[in-house]
Structure formats: structure tokens, C-alpha cells
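K.L.:
Got a structure here, written out as C-alpha cells. Questions coming.
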Amino acid sequence: MLIGIVGATGPAGSALGIRLASAGHKVILGSRSAERAAEVVSSIKADWPDHNLEISASDNAGAAAAELIVIATPWDAAWTTAKSVSESLDGKVVICMANALIRVGHEFQPLVPPRGSVAASVQAAVPRSLVVGALHHVPAKELADLNHPIESDVLVCSDHPAAKKISMDLINEMPDMRALDAGDLTQAAPIEAFTAVLLELNLKYKTRVAVKFTGIDPEKLR
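Numbering follows the UniProt record's numbering, in which position 120 of the sequence shown is assigned residue number 120; successive positions increment by one, without gaps.
Following this line, the structure appears as C-alpha cells:
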């Protein structure tokens with residue numbers, strides 16, 4: 001699958017690109033500046049010379065031309081960025097991984113965007129797209145390290161069942177990651193807000209936590 005990551009030059013977007021490419025997908029890293037995206041791609045290939053990573057660089061419009069799109073911009077740029085490439089996103093699965101957070105002193109606090117979540121705002125910006133909220137809680141540094149799998153559950157929500165399944169199947173291709181169906185897009189609000197708790201744990205315990213849920217029958221995930 002050809003996957004375009006819009007706003008991919010930050011830690012989360014570039015890390016996801018590395019991991020998806022390692023799973024055999026072709027990935028386009030997009031940015032407002034194609035030159036900046038090219039620098040990131042060159043750095044990735046230098047870091048992982050023994051991996052045949054099919055990653056290319058483009059501006060955001062070029063990334064939006066892919067089959068499946070990920071919005072990896074900062075939360076306050078997600079709506080405008082999605083809107084700017086909306087025609088290219090018509091009918092496509094669009095995964096939003098942004099979290100609306102602010103740091104107040106030593107604490108991270110969640111913000112509530114006008115439509116309740118960043119994912120819902122993106123869906124409003126691209127109403128003919130199939131928006132999915134996912135990948136909010138995966139630590140970027142671990143995601144980018146191909147020497148180690150990521151033991152993490154990924155909560156996935158959407159108003160579009162088929163798009164949700166495509167996204168969950170994609171996530172499950174990455175070693176030791178488990179996608180869980182968290183319901184409709186209304187669930188994006190608490191899912192995004194929970195990221196503030198994880199960041200507090202990181203600061204408190206000087207680590208990078210990931211989410212794992214117990215009590216789920218594996219047979220029900222088939």
C-alpha cells in the first residue's frame with residue numbers, strides 16, 4: 001500500500017513512516033517544505049542502511065495523493081492542513097494521530113477543540129473522507145527503533161467501519177502492536193485527552209510508557 005504521511009517531519013510522523021516502511025509499505029513523507037522532508041528521508045536511510053525502506057519525500061500535497069493518508073501535524077495545524085489538501089483526500093481513509101495538549105508549568109493538560117477532538121475537526125474539514133482516530137499513545141522514539149518491537153495496544157475509533165478495519169489491519173502488521181476497536185469517532189475526545197496522563201507518567205518515572213489492556217479474549221479479536 002502507498003501511504004502518505006502529512007506533516008511527517010516531526011518525531012511521530014517520521015517514526016511512523018519508518019515503521020510502516022519496515023512492514024513492506026511504500027511511504028511518502030510530506031511536509032510544508034519538500035526540501036525539509038527530503039532531509040528527514042536522507043537521515044532515516046542513513047540510520048537504517050541495512051533495511052530496504054521504500055520512503056520518499058514530497059510536500060503535503062504529494063503525500064495526500066497516496067492511497068491512505070495519516071495526519072501527523074501538530075494538533076493546531078491538523079484542520080487547516082487537511083483542508084488544504086481536501087480534494088486529494090476525497091473517499092480515502094485518513095488517520096488522525098494528533099493530540100490537543102498544552103504544557104502548563106510542569107504539567108501537560110488536554111485541550112478541547114471546538115468539535116471535541118482533533119479527529120472530529122479533521123472529519124469536518126474533509127467531510128468526504130473516512131477519518132479514523134488512532135496511534136495517539138505510541139511513543140515516537142520506540143516507534144522509530146526497528147531493533148525492537150513495540151508492545152502497545154492502539155485504540156482505534158471511527159464512524160466508518162470499513163475504514164476502521166483497514167486501519168486496524170495496518171496497525172496489526174507492526175510487530176507486537178495490537179489494534180483495539182474503541183468505537184465511533186466521539187471516543188477520540190477521551191482517547192486524545194488520555195495522552196496527557198501518559199506524558200505525566202513519563203515525567204514522573206523518567207520513561208516512555210505505552211498502553212496495554214488486559215482481560216480481552218484473543219478470540220474476540222479475530
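The beta-carbon is built from N, C-alpha and C at its ideal position, and this holds for glycine as well.
Using only the alpha-carbon positions, how far apart do Ala12 and Val41 sit?
P.N.:
Counted from its first residue, the sequence shown places residue 12 at position 12. Counted from its first residue, the sequence shown places residue 41 at position 41. Each residue's alpha carbon lies about 14 Å from the other.
K.L.:
Under a three-way DSSP split, which group does Lys206 fall into?
P.N.:
Locating residue 206 in the sequence shown gives position 206, where the first residue counts as 1. Residue state, collapsed to three classes: coil.
K.L.:
Measuring straight from C-alpha to C-alpha, what distance separates Pro161 and Ala119?
P.N.:
For this step, residue 161 is matched to residue 161 along the sequence shown. For this step, residue 119 is matched to residue 119 along the sequence shown. Cα to Cα, Pro161 sits roughly 15 Å from Ala119.
K.L.:
Write down every uninterrupted run of the alpha helix (DSSP H) in the stretch 66-146 whose length is 4 residues or greater and which is fully enclosed by it, in chain order.
P.N.:
Qualifying alpha helix (DSSP H) stretches, in chain order: 75-84, 86-89, 118-125 and 140-143.
K.L.:
Return the CA-CA distance between residue 243 and Gly7, expressed in angstroms with no decimal places.
P.N.:
The first residue shown for the chain is 1 and the last is 222, placing residue 243 beyond what the model contains.
K.L.:
Quick one: Cα of Glu192 to Cα of Thr186, how far?
P.N.:
To locate residue 192, count along the sequence shown from 1; it is residue 192. To locate residue 186, count along the sequence shown from 1; it is residue 186. Cα to Cα, Glu192 sits roughly 11 Å from Thr186.
K.L.:
Using alpha carbons as the reference points, say which of Asp176, Val132 and Pro139 lies closest to Glu151.
P.N.:
On the sequence shown, position 151 is the one that residue 151 refers to. Cα-wise, what sits closest to Glu151 is Asp176.
K.L.:
Do you know offhand how far Leu89's Cα is from Pro190's?
P.N.:
Locating residue 89 in the sequence shown gives position 89, counting from the first residue. Locating residue 190 in the sequence shown gives position 190, counting from the first residue. In a straight line, the C-alpha of Leu89 is about 26 Å away from that of Pro190.
K.L.:
Are the CB atoms of Glu67 and Val27 within a distance shorter than 8 Å?
P.N.:
The residue given as residue 27 occupies position 27 in the sequence shown. The residue given as residue 67 occupies position 67 in the sequence shown. No, the pair does not count as a contact, with Cβ atoms beyond the cut-off.
K.L.:
Three-state secondary structure (DSSP) at Lys165?
P.N.:
Residue mapping note: residue 165 aligns to position 165 of the sequence shown, counting from 1. Correct three-state label for Lys165: helix.
K.L.:
Indicate the three-state DSSP secondary structure (helix, strand or coil) for Arg178 in the structure shown.
P.N.:
For the purposes of this step, residue 178 is identified with residue 178 of the sequence shown, where counting begins at 1. Of the three classes helix, strand and coil, the one that applies to Arg178 here is strand, per DSSP.
K.L.:
Which whole-angstrom value describes the C-beta separation of Lys92 and Ser129, a residue pair presumed to lie in contact below a C-beta threshold of 8 Å?
P.N.:
The count along the sequence shown starts at 1 and reaches residue 92 at position 92. The count along the sequence shown starts at 1 and reaches residue 129 at position 129. So it is a contact: roughly 6 Å between Cβ atoms.
K.L.:
Could you tell me which residues DSSP puts in a beta bridge with Gly30?
P.N.:
The residue labelled residue 30 in the question sits at position 30 within the sequence shown. Bridge partners of Gly30: Ser58.
K.L.:
How far does the beta strand (DSSP E) with Ile5 in it extend, from its first residue to its last?
P.N.:
For this step, residue 5 is matched to residue 5 along the sequence shown. That run of the beta strand (DSSP E) goes Leu2 to Val6.
K.L.:
Between Ile3, Glu87 and Ile102, which lies nearest to Ser56 when the distance is taken from Cα to Cα?
P.N.:
Position 56 of the sequence shown holds residue 56. Taking only the C-alpha atoms, the option nearest Ser56 is Ile3.
K.L.:
Have a look at Val138, Asn60, Ser117 and Trp48 and flag the residue whose alpha-carbon is nearest the alpha-carbon of Ser31.
P.N.:
Position 31 of the sequence shown, counted from the first residue, corresponds to residue 31. Comparing Cα positions, the closest option is Asn60.
K.L.:
According to DSSP, is Leu53 part of a helix, a strand, or is it coil?
P.N.:
Within the sequence shown, numbered from 1, the residue matching residue 53 stands at position 53. The answer is coil: DSSP assigns Leu53 none of H, G, I, E or B.
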